[in-house]
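Visitor: Note that full-length UniProt numbering has the sequence shown beginning at 1, numbered continuously upward. For glycine and all other residues, C-beta sits at the position ideal for the given N, C-alpha and C.
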Amino acid sequence: PCSLPAFPPVELHVHLDGAIKPETILYYGRKRGIALPANTPEELQDVIGMDKPLSLPAFLAKFDYYMPAIARPQSCAARAQEEEELEGAGGIRWLHTRYVPQLDSSSSFFPFLGSVDRGDLTPDEVVDLVGQGLQEGERDFGVKVRSILCCMRHQPTWSPEVVELCKKYRQQTVVAIDLAGDETIEGSSLFPGHVQAYEEAVKSGVHRTVHAGEVGSAEVVKEAVDTLKTERLGHGYHTLEDEALYTRLRQANMHFEVCPWSSYLTGAWKPGTEHAVIRFKNDQANYSLNTDDPLIFKSTLDTDYQMTKRDMGFTEEEFKRLNINAAKSSFLPDDEKTELLDLLYKAYGMPPTSSAGMLLSEPWAVGISSKMPALPPSHGQCQGCVPTPWLVAASH
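1. Since Lys229 contacts Val202 with CB under 8 Å, what's their CB separation in whole angstroms?
2. Would you tell me roughly how many angstroms separate the C-alpha atoms of Thr157 and Leu165, rounded to the nearest one?
3. How about Val221 and His238: do their beta carbons lie closer than 9 Å?
4. Since I believe Val127 is in contact with Val174 (beta carbons under 8 Å), could you give me their beta-carbon distance rounded to a whole number of angstroms?
5. Report the residue ranges of all alpha helix (DSSP H) runs contained in full by the segment 191-248; include only those spanning at least 4 residues, in chain order.
6. Could you tell me the alpha carbon to alpha carbon distance between Asp124 and Leu265, rounded to whole angstroms?
7. Any chance the CB of Asp242 is under 8 Å from a heavy atom of the ligand MG?
8. Could you round the C-beta distance between Ala176 and Arg208 to whole angstroms and report it? I think they count as a contact, below 8 Å.
9. Would you call the segment 65-83 and the segment 18-33 in contact, with 3 or more CB pairs under 8 Å?
10. My understanding is that Leu233 touches Val210, with C-beta atoms under 8 Å, so please give their C-beta distance in whole angstroms.
11. Identify the continuous alpha helix (DSSP H) that holds Arg32 and give its terminal residues.
12. Given Glu362, which residues of its chain have a CB within under 7 Å of its CB, disregarding the five upstream and five downstream residues?
13. Leaving out five residues before and five after Tyr169 in sequence, what residues of the same chain have Cβ atoms less than 7 Å from its Cβ?
14. Would you report the Cα separation of Thr40 and Glu241, rounded to the nearest angstrom?
15. According to DSSP, is Tyr264 helix, strand or coil?
16. For the beta strand (DSSP E) holding Asp46, just list the boundary residues, first then last.
17. DSSP state of Gly384, grouped into three classes?
18. Let me know the secondary structure DSSP gives Thr97 once reduced to three states.
19. Provide the residue span of the alpha helix (DSSP H) that contains Cys76, from first to last.
20. Which same chain residues, not among the five before or five after Cys150, have their C-beta less than 6 Å away from its C-beta?
21. Leaving out five residues on either side along the sequence, give the residues of the same chain with a beta carbon under 6 Å from the beta carbon of Pro333.
22. Specify, as a first and last residue, the run of the alpha helix (DSSP H) that Glu336 falls within.
23. Exposed or buried, Glu11, counting other C-beta atoms within 10 Å across all chains shown (16 or more means buried)?
24. Residues in its own chain within less than 7 Å of Leu322 by CB, not counting five upstream and five downstream?
25. Express the C-alpha separation of Tyr348 and Pro1 in angstroms, rounding to a whole number.
26. Considering only the alpha carbon of each residue, which of Glu83, Lys62, Phe191, Phe297 lies closest to Ser147?
27. Express the C-alpha separation of Gln102 and Lys62 in angstroms, rounding to a whole number.
28. Cβ atoms of Pro8 and Phe319: under 9 Å apart, would you say?
29. What separation, rounded to the nearest whole angstrom, lies between the Cα atoms of Gly384 and Asp293?
30. Tell me the DSSP secondary structure of Arg139 in three-state form.
31. Drop a sphere of 10 angstroms on the beta-carbon of Asn325, count the other beta-carbons inside from all chains shown, and report buried for 16 or more, exposed for fewer.
32. Grouping DSSP H, G and I as helix and E and B as strand, with all else coil, what is Phe314?
33. With distance defined between alpha-carbon atoms, name the residue in Leu301, Met307, Ser330 nearest to residue 485.
34. DSSP three-state call for Glu274: helix, strand or coil?
35. Compute the Euclidean distance between the alpha carbons of Gln172 and Glu161, then round it to the nearest angstrom.
36. Between the Cα of Gln81 and the Cα atoms of Leu121, Phe191, Asp226, Asp17, which residue gives the shortest distance?
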């Protein structure tokens, strides 16, 4: 049975590069003469997807199967539209999606593509095409999507261009800048290219989020907050290693973009320990539930709701509270944010007050948090997306 609240929830953390149907992967593979490891959508989903934790190299190998087939200029707008179709089918009506413009612009950034010709699309043209696809998808499927452009930790020279693209396209679909990539690269948050880009974002009024504290330490979180001036944290679980930092962020109402099922499959959370989201819940912190990379994880957002309800004691009231907080922490313009909040308040039967997102919930039983989560039931065609290998290295 579906665990989603009565009103479609808000999702803030999904990667575009993978928001694609297996059927579409097969279509592009056949059109381009690229061999794929399966001949039917069902078989391909089984090969690409995960249903138990894997090592990072095994996880990264998943992308080698299908990226050569879809990495092409002609697919940019189509993939954006397809994400909205999949999200709409999963009950989502509003989300933030994110991607790296440079990763669709030159084959030199995809060494595993070999001799595949991807054309000479520029990052600027990628953002324009994705924006067109998102706008068309909103019209066709009723899903309102805003995009976040990602910098990569291992490529600080890309970051100045990313923030300029955020500025150029912020009147269209782009709302924020992100930093993804391998958190374990020592000091990567402080690379000059990233710092300069985030300084420009602050100066120009571009919203900011950072992948930090998923596999990286609390120090990575501190760098994201104090140096990059992030407004939200992608994952952020290891913030709890530093109680003083966590207390400071909770008092500042920092938003944590939590991805429970993802954290299990990537090893960011180890069964046998209490998941950080339980602490966030018990402390009435500001956080949301998100899918992260549903194509690889064979999931929908309902997978994360079922997991937290079944294994972590979440209730309908907490789902309402966290979705109100997700809406409040979205990077929407004020008028659109007010409209979204009004819809949620009405659907949830809550008063439209500034404190409604902080409703206290029931006491929680946290003892069951250490159990191994059951595999999610089949959800048919999954929604959402998967990051590129470099996104994976960062966010997993």
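Guide: Looking at the atomic coordinates:
1. Taking the sequence shown and counting its residues from 1, the one referred to as residue 229 is at position 229. Taking the sequence shown and counting its residues from 1, the one referred to as residue 202 is at position 202. Yes, they are in contact, since the Cβ atoms of Lys229 and Val202 sit about 5 Å apart, within 8 Å.
2. If you number the sequence shown from 1, residue 157 lands on position 157. If you number the sequence shown from 1, residue 165 lands on position 165. Taking C-alpha positions only, Thr157 is separated from Leu165 by approximately 14 Å.
3. Taking the sequence shown and counting its residues from 1, the one referred to as residue 221 is at position 221. Taking the sequence shown and counting its residues from 1, the one referred to as residue 238 is at position 238. With respect to His238, Val221 sits close: the two C-beta atoms are nearer than 9 Å.
4. For the purposes of this step, residue 174 is taken as the residue at position 174 of the sequence shown. For the purposes of this step, residue 127 is taken as the residue at position 127 of the sequence shown. At roughly 7 Å, the Cβ-Cβ gap stays under 8 Å, so Val174 and Val127 are in contact.
5. 192-204, 218-226
6. Taking the sequence shown and counting its residues from 1, one reaches residue 124 at position 124. Taking the sequence shown and counting its residues from 1, one reaches residue 265 at position 265. Approximately 34 Å between the Cα atoms of the pair.
7. This structure simply doesn't include the ligand MG, nor any ligand for that matter.
8. Against the sequence shown, residue 176 aligns to sequence position 176. Against the sequence shown, residue 208 aligns to sequence position 208. Going by Cβ atoms, the distance from Ala176 to Arg208 rounds to 6 Å, so yes, they are a contact pair.
9. yes
10. As a working note, residue 233 is residue 233 in the sequence shown. As a working note, residue 210 is residue 210 in the sequence shown. Sure, about 6 Å apart at Cβ, within 8 Å.
11. The residue given as residue 32 occupies position 32 in the sequence shown. Element bounds for Arg32: 22-32.
12. Residue 362 sits at position 362 when you count from the first residue of the sequence shown. Summary for Glu362: the model assigns pLDDT 31, below 50, so the residue's position carries little reliability; its value from the coordinates is reported in the next sentence. Same-chain partners within the cutoff: Thr315, Glu317.
13. Within the sequence shown, the letter at position 169 stands for residue 169. Same-chain partners within the cutoff: Val127, Gly131.
14. Taking the first residue of the sequence shown as position 1, residue 40 is located at position 40. Taking the first residue of the sequence shown as position 1, residue 241 is located at position 241. Those two C-alpha atoms are separated by around 45 Å.
15. Taking the sequence shown and counting its residues from 1, one reaches residue 264 at position 264. Reduced to three states, the DSSP call for Tyr264 is helix.
16. As a first step, residue 46 must be located in the sequence shown, where it is residue number 46. It is not in any beta strand (DSSP E) - Asp46 instead sits in the alpha helix (DSSP H) that spans 41-48.
17. Locating residue 384 in the sequence shown gives position 384, counting from the first residue. The predicted model places Gly384 with a pLDDT of 32, which falls under 50 and marks its position as unreliable, so this point remains unresolved.
18. One-based indexing of the sequence shown puts residue 97 at position 97. Correct three-state label for Thr97: strand.
19. As a first step, residue 76 is located in the sequence shown; it is residue number 76 there, counting from the start. It spans 75-89 - the alpha helix (DSSP H) in which Cys76 sits, taken as one unbroken run.
20. Locating residue 150 in the sequence shown gives position 150, counting from the first residue. Hits under 6 Å: Arg98, Val100, Asp178, Ala180.
21. For this step, residue 333 is matched to residue 333 along the sequence shown. Sequence-distant partners of Pro333 (beyond 5 residues in either direction) whose C-beta falls short of 6 Å from its own C-beta are missing from its chain.
22. Locating residue 336 in the sequence shown gives position 336, where the first residue counts as 1. Per DSSP, Glu336 belongs to the alpha helix (DSSP H) from 334-348.
23. Within the sequence shown, residue 11 is the residue found at index 11, counting from 1. So Glu11 counts as buried.
24. The residue you call residue 322 lines up with position 322 of the sequence shown. The beta carbon of Leu322 sits closer than 7 Å to the beta carbons of Tyr287, Ser288, Leu289 from its chain, once the five residues preceding and following it are set aside; these are given in chain order.
25. Along the sequence shown, one-based indexing puts residue 1 at 1. Along the sequence shown, one-based indexing puts residue 348 at 348. Interpretation of Pro1 is limited by its pLDDT of 48, a score under 50 that renders its predicted location unreliable; the figure taken from the coordinates is listed afterwards. Their Cα atoms are separated by approximately 20 Å.
26. Here residue 147 is taken as the residue at index 147 of the sequence shown, counted from 1. It is Glu83.
27. For the purposes of this step, residue 62 is taken as the residue at position 62 of the sequence shown. For the purposes of this step, residue 102 is taken as the residue at position 102 of the sequence shown. Lys62 and Gln102: Cα-Cα distance of roughly 21 Å.
28. Walking along the sequence shown from the start, residue 319 turns up at place 319. Walking along the sequence shown from the start, residue 8 turns up at place 8. Their beta carbons are not under 9 Å apart, which means Phe319 does not touch Pro8 by this criterion.
29. One-based indexing of the sequence shown puts residue 384 at position 384. One-based indexing of the sequence shown puts residue 293 at position 293. With a pLDDT of only 32 at Gly384, under 50, the local geometry of the prediction cannot be trusted, and the value read off the model is given with reservation. Their backbone Cα atoms lie some 6 Å apart in a straight line.
30. By 1-based counting over the sequence shown, the position of residue 139 is 139. Arg139 falls in the helix class under three-state DSSP.
31. Along the sequence shown, one-based indexing puts residue 325 at 325. Buried, by the Cβ-count rule.
32. Translated into the one-based positions of the sequence shown, residue 314 becomes position 314. Coil at Phe314, not helix or strand.
33. The structure shown has nothing for residue 485, since the chain only spans 1 to 396.
34. As a first step, residue 274 is located in the sequence shown; it is residue number 274 there, counting from the start. Residue state, collapsed to three classes: coil.
35. Here residue 172 refers to the residue found at position 172 when the sequence shown is read from its first residue. Here residue 161 refers to the residue found at position 161 when the sequence shown is read from its first residue. Gln172 and Glu161: Cα-Cα distance of roughly 17 Å.
36. Counting from 1 along the sequence shown, the entry for residue 81 is found at position 81. That would be Asp17, whose Cα lies nearest to the Cα of Gln81.
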